[in-house]
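S.K.:
In my numbering, the protein residues as written are 1 to 533.
Structure, rendered in structure tokens:
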């Protein structure tokens with residue numbers, strides 16, 4: 001026989017401590033105004049914070065209670081705790097002095113669109129669940145595809161179609177699953193161990209993760225080496241020879257990911273020639289333009305996606321450089337039925353007349369998850385609130401600032417640009433010659449070798465050069481004034497200045513360069529030990 005229940009809080013039904021409703025319109029209005037004011041003040045004063053958080057691991061556990069509160073707390077108290085405990089633990093991605101990774105540019109329109117998304121909170125897994133959510137998504141994806149001048153075969157108006165995924169990794173998983181199932185239907189599912197996926201050593205790691213998820217054997221993942229001779233773009237010739245070797249070994253080429261704007265240095269793979277090679281072997285070609293794709297709404301950048309007509313799918317992240325909040329990955333496919341064939345499930349509880357009619361899109365069958373947010377409304381607000389002309393100008397302003405930064409680097413002979421600047425990312429480093437001049441321990445004989453650019457000796461000092469640049473970046477980020485990130489290409493450790501935050505102006509770019517120079521002065525003014533082993 002069950003005994004009586006014991007409560008730790010015998011007065012738990014005391015109405016004085018209970019909120020009458022979790023969603024009261026007037027209380028929502030009051031608290032909502034407070035949160036909007038809080039965020040607006042944060043944007044206004046964001047430059048006072050160190051860009052990179054200065055806290056140590058585990059800092060927050062020491063500041064917060066061990067358990068959740070039993071009684072409600074007022075929003076005023078909670079917001080104060082956000083200010084006192086959460087904000088110090090943020091790396092401020094929206095700071096005008098955040099130049100790391102790629103931008104997370106947002107806008108008033110996107111923020112308000114996100115509020116509408118959350119406010120409606122529809123679960124739009126199929127058309128019937130919220131017709132407006134599905135239909136608006138099909139419309140804005142065709143709008144954006146048209147702005148990019150994508151071939152009509154990628155649009156709903158041309159028997160293709162677009163879908164909003166969460167991230168590039170999700171987009172690649174979905175398209176690779178479709179490619180896998182198409183191929184296995186021809187060669188037999190027992191041959192999945194023969195399938196091969198191709199990218200370059202500059203392709204985003206999302207490709208490797210997608211391969212693992214989709215079931216590609218780890219030995220059948222190809223990250224083809226790139227070189228300075230192609231500016232670290234994937235060579236069609238090397239791809240072809242790699243594919244031929246795999247075929248001779250009894251393997252089956254499946255999937256190629258070509259990139260427009262690689263993560264490290266924004267290298268651009270030659271889409272047309274790569275697609276030609278892939279199509280000789282009936283491979284699926286996906287074009288990852290996560291960062292740089294946004295720039296291609298500008299006519300002067302559209303040549304970077306020449307050849308996309310030969311691809312099967314194309315994606316960009318509107319949450320990177322298209323002023324739209326995370327997450328919002330735009331994926332277009334030529335053959336939506338391939339996605340649906342691989343990703344659809346039709347349980348009885350989701351059966352409805354609209355789906356059975358085959359006249360509607362059910363986006364649950366275009367993605368991994370069943371449930372999905374109403375993401376299209378924020379992209380719709382961005383497109384309508386600014387228009388194509390303003391969006392192009394926003395992007396051009398970032399490219400202009402990158403050119404300014406590139407010029408500043410070029411005027412300081414201690415530094416060198418290590419990769420062509422295609423968009424708004426500048427990759428640079430302290431040059432080996434500057435380090436050799438600063439190193440007073442080198443003999444005249446070794447100095448002479450360096451000045452002659454002896455290849456063997458330069459290899460010998462490579463570690464020292466990378467170490468100096470690593471220390472420079474650490475000092476820059478440790479200042480809290482600026483945040484940049486790094487990459488390693490061709491064995492070179494390079495600093496990346498990615499311009500694209502919505503609040504960044506030319507004065508911030510000039511200040512960032514001043515910070516770089518000041519820390520370079522301090523580092524190069526000390527004795528540098530050169531490893532010649």
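Note that beta-carbon positions come from the ideal geometry of N, C-alpha and C, so glycine has one too.
Note that the structure is predicted; figures quoted are calculated from it, not measured.
Should residue 34 be labelled buried (16 or more other beta-carbon atoms within 10 Å of its own) or exposed?
M.R.: For the purposes of this step, residue 34 is taken as the residue at position 34 of the chain shown. Answer is exposed; the Cβ neighbour count stays below 16.
S.K.: Quick check on the DSSP output: the alpha helix (DSSP H) that includes residue 491 runs from which residue to which?
M.R.: Position 491 of the chain shown, counting from 1, holds the residue named residue 491. Premise fails: residue 491 is in no alpha helix (DSSP H) and is neither H nor E.
S.K.: Looking at the unbroken beta strand (DSSP E) that takes in residue 164, where does it start and where does it end?
M.R.: As a first step, residue 164 must be located in the chain shown, where it is residue number 164. That run of the beta strand (DSSP E) goes 161-165.
S.K.: According to DSSP, which residues form a beta bridge with residue 429?
M.R.: If you number the chain shown from 1, residue 429 lands on position 429. DSSP lists 416 as partners of residue 429.
S.K.: Given residue 208, which residues of its chain have a CB within under 7 Å of its CB, disregarding the five upstream and five downstream residues?
M.R.: In the chain shown, counting from the first residue as 1, residue 208 sits at position 208. The answer, listed in chain order, is 221.
S.K.: Looking only at its own chain, which residues have a Cβ that is under 7 Å from the Cβ of residue 101, when we skip the five neighbours before and after it?
M.R.: Taking the first residue of the chain shown as position 1, residue 101 is located at position 101. Excluding residues within five positions, the ones whose Cβ falls inside 7 Å are 485 and 498.
S.K.: Around the Cβ of residue 384, are there at least 16 other Cβ atoms within 10 angstroms (buried) or fewer (exposed)?
M.R.: Here residue 384 is taken as the residue at index 384 of the chain shown, counted from 1. With fewer than 16 Cβ atoms within 10 Å of its Cβ, residue 384 is classed as exposed.
S.K.: Below 6 Å CB to CB, which residues in the same chain sit around residue 503 once its five sequence neighbours on both sides are set aside?
M.R.: Locating residue 503 in the chain shown gives position 503, where the first residue counts as 1. So the list reads 96, once near-sequence residues are dropped.
S.K.: Counting along the chain, where does the beta strand (DSSP E) carrying residue 243 start and finish?
M.R.: Along the chain shown, one-based indexing puts residue 243 at 243. First-last for residue 243: 236-248, but that is the alpha helix (DSSP H), not the beta strand (DSSP E).
S.K.: How would you write the range of the alpha helix (DSSP H) that residue 329 sits in, first residue to last?
M.R.: Here the question's residue 329 lines up with position 329 in the chain shown. Careful: residue 329 lies outside any alpha helix (DSSP H), inside the beta strand (DSSP E) at 329-333.
S.K.: Ordered along the chain, which non-local residues of its own chain (more than five positions away) have a Cβ less than 6 Å from that of residue 427?
M.R.: Here residue 427 is taken as the residue at index 427 of the chain shown, counted from 1. 265, 418, 419, 494 and 496, listed in sequence order.
S.K.: If you measure between the beta carbons of residue 430 and residue 468, is that distance less than 7 Å?
M.R.: Residue 430 sits at position 430 when you count from the first residue of the chain shown. Residue 468 sits at position 468 when you count from the first residue of the chain shown. It is a contact, given that the beta carbons lie within the stated cut-off.
S.K.: In chain order, what residues of the same chain lie with their CB nearer than 8 Å to the CB of residue 459, ignoring the 5 residues before and after it?
M.R.: Taking the first residue of the chain shown as 1, we reach residue 459 at position 459. The predicted position of residue 459 is uncertain, since its pLDDT is 39 and thus under 50; no value can be drawn from it.
S.K.: Residue ranges of each beta strand (DSSP E) run of no fewer than 3 residues wholly in the region 124-206, ordered along the chain?
M.R.: If one requires a minimum length of 3 residues, the beta strand (DSSP E) runs lying completely within the region 124-206 are 161-165 and 195-200, in chain order.
S.K.: If the criterion is Cβ atoms closer than 7 Å, does the pair residue 257 and residue 307 meet it?
M.R.: Locating residue 257 in the chain shown gives position 257, where the first residue counts as 1. Locating residue 307 in the chain shown gives position 307, where the first residue counts as 1. Result no, Cβ atoms of residue 257 and residue 307 do not sit closer than 7 Å.
S.K.: Checking the sheet assignment: what are the DSSP bridge partners for residue 421?
M.R.: What you label residue 421 is simply residue 421 of the chain shown in a count that begins at 1. None, per the DSSP bridge assignment.
S.K.: List, from N- to C-terminal side, the alpha helix (DSSP H) runs of 4 residues or more that fit wholly inside the region 250-305.
M.R.: 271-279
S.K.: Is the region 328-346 close to the region 155-173, with three or more CB pairs under 8 Å?
M.R.: yes
S.K.: In the DSSP assignment, find the unbroken beta strand (DSSP E) run with residue 223 in it and report its ends.
M.R.: Your numbering for residue 223 matches position 223 in the chain shown. Per DSSP, residue 223 belongs to the beta strand (DSSP E) from 221-224.
S.K.: Apart from the five residues just before and just after residue 511, which ones in its own chain have a Cβ nearer than 8 Å to its Cβ?
M.R.: Counting from 1 along the chain shown, the entry for residue 511 is found at position 511. Excluding residues up to 5 positions away in sequence, 97, 481 and 482 lie with their Cβ nearer than 8 Å to the Cβ of residue 511 in the same chain.
S.K.: Per DSSP, which residues does residue 323 bridge with? Please list them.
M.R.: Translated into positions along the chain shown, residue 323 becomes position 323. Residue 323 is not bridged to any residue.
S.K.: Beta carbon of residue 267, beta carbon of residue 311: below 7 Å?
M.R.: As a working mapping, residue 267 is identified with position 267 in the chain shown. As a working mapping, residue 311 is identified with position 311 in the chain shown. Result no, Cβ atoms of residue 267 and residue 311 do not sit closer than 7 Å.
S.K.: State the start and end residues of the unbroken alpha helix (DSSP H) segment that holds residue 60.
M.R.: Counting from 1 along the chain shown, the entry for residue 60 is found at position 60. First-last for residue 60: undefined, no H or E at that position.
S.K.: Looking only at its own chain, which residues have a Cβ that is under 8 Å from the Cβ of residue 323, when we skip the five neighbours before and after it?
M.R.: Along the chain shown, read from residue 1 onward, the residue named residue 323 stands at position 323. For residue 323, where only same-chain residues beyond five positions count, the Cβ hits under 8 Å are 105, 106, 107, 109, 110, 382, 386, 391, 394 and 502.
S.K.: Using a threshold of 7 Å, state whether the C-beta atoms of residue 126 and residue 356 are closer than that.
M.R.: For the purposes of this step, residue 126 is taken as the residue at position 126 of the chain shown. For the purposes of this step, residue 356 is taken as the residue at position 356 of the chain shown. Not in contact: residue 126 and residue 356 (Cβ atoms no closer than 7 Å).
S.K.: CB-CB under 8 Å to residue 158, same chain, minus the five flanking residues each way: which ones, in chain order?
M.R.: Within the chain shown, numbered from 1, the residue matching residue 158 stands at position 158. Once the five neighbours on either side are set aside, the close Cβ partners of residue 158 are 151 and 152.
S.K.: So residue 111 is in the alpha helix (DSSP H); what residue range does that whole segment cover?
M.R.: Here residue 111 corresponds to residue number 111 of the chain shown, with the count starting at 1. Counting along the chain, the alpha helix (DSSP H) containing residue 111 begins and ends at 108-120.
S.K.: Suppose you measure from the CA of residue 38 to the CA of residue 74; what does that come to, to the nearest Å?
M.R.: Counting from 1 along the chain shown, the entry for residue 38 is found at position 38. Counting from 1 along the chain shown, the entry for residue 74 is found at position 74. Roughly 15 Å separates the two Cα atoms.
S.K.: Measuring CB atoms only, is the region 125-144 touching the region 366-375, in the sense that at least three cross pairs come out at less than 8 Å?
M.R.: yes
S.K.: Indicate the three-state DSSP secondary structure (helix, strand or coil) for residue 102 in the structure shown.
M.R.: As a first step, residue 102 must be located in the chain shown, where it is residue number 102. If DSSP states are grouped into helix, strand and coil, residue 102 belongs with coil.
S.K.: Is DSSP giving residue 369 helix, strand or coil here?
M.R.: Position 369 of the chain shown, counted from the start, is the residue given in the question as residue 369. In this structure, residue 369 counts as coil in the three-state DSSP scheme.
S.K.: Beta-carbon within less than 8 Å of residue 368's beta-carbon, same chain only, minus the 5 sequence neighbours each way: which residues are those?
M.R.: Counted from its first residue, the chain shown places residue 368 at position 368. Within the same chain, residue 368 has close Cβ partners 170, 173, 174 and 343.
S.K.: DSSP state of residue 447, grouped into three classes?
M.R.: Here residue 447 refers to the residue found at position 447 when the chain shown is read from its first residue. In this predicted model, residue 447 has a pLDDT of only 45, less than 50, meaning its place in the structure is not dependable enough to derive any value.
S.K.: Tell me whether residue 488 is buried or exposed, calling it buried when 16 or more other Cβ atoms sit within 10 Å of its Cβ.
M.R.: The residue given as residue 488 occupies position 488 in the chain shown. By the 10 Å Cβ count, residue 488 comes out exposed.
S.K.: Report yes if the CB atom of residue 380 is closer than 7 Å to the CB atom of residue 500, and no otherwise.
M.R.: Indexing the chain shown from 1 puts residue 380 at position 380. Indexing the chain shown from 1 puts residue 500 at position 500. Not in contact: residue 380 and residue 500 (Cβ atoms no closer than 7 Å).
S.K.: Can you tell which of 466, 403 and 272 has the C-alpha that lies nearest to the C-alpha of residue 433?
M.R.: As a position in the chain shown, residue 433 is number 433, starting the count at 1. Nearest option by C-alpha distance: 466.
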